[in-house]
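Each residue of the sequence shown is one higher than the one before, starting from 829 at the first, in the working numbering. Using N, Cα and C, we set each Cβ at its ideal position, and we do this for glycine too. Worksheet: the structure to be examined is printed underneath.
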Amino acid sequence: MKRTYKSIKDHNSKTGNNSRTWVYMNIMESLLGERPFMSPLATISSSNNFATFDNSSSSNADRKAQESTSKIAEAIMQSRNLAEKNKNQRHKEKMDFRKDMLNLLQKMMDKS
């Protein structure tokens, strides 16, 4: 579906081509429309020996992406901290259990 969407979008962006439609075009546009792989920031031409940069991306979109990335990073860090805390708690419980078992074994040895 992504390939079809990209093909239709590329076809419709070229001048002189008739417009192609697709049943899922609006849905795919809402999902993939602003993604960098759908509209690259730079294109290179092999015939002109220079690169064309597209500066049309708004700073608002960049800010939203950065906020989203920072939220994801913070969630990952919280998850890792919680996992480490749980691991340390399990280790402490295991060591306490072993210590209790060792004390019990020692008491049994002393009685004999």
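Boundaries for R848: no alpha helix (DSSP H) harbours it, and the DSSP string shows neither H nor E there. Secondary structure note for K837: its alpha helix (DSSP H) is the uninterrupted segment 830-841. In the structure shown, S858 falls within a helical segment according to DSSP collapsed to helix, strand and coil. Rounded to the nearest whole angstrom, the CA to CA distance from V851 to K834 is 14 angstroms.
Assigned with DSSP and collapsed to three states, S896 falls in helix.
With a 10 Å radius around the Cβ and a threshold of 16 neighbouring Cβ atoms, M856 comes out buried.
Relative to the Cα of T832, the nearest Cα in the group N914, G844, L932, L860 belongs to L860.
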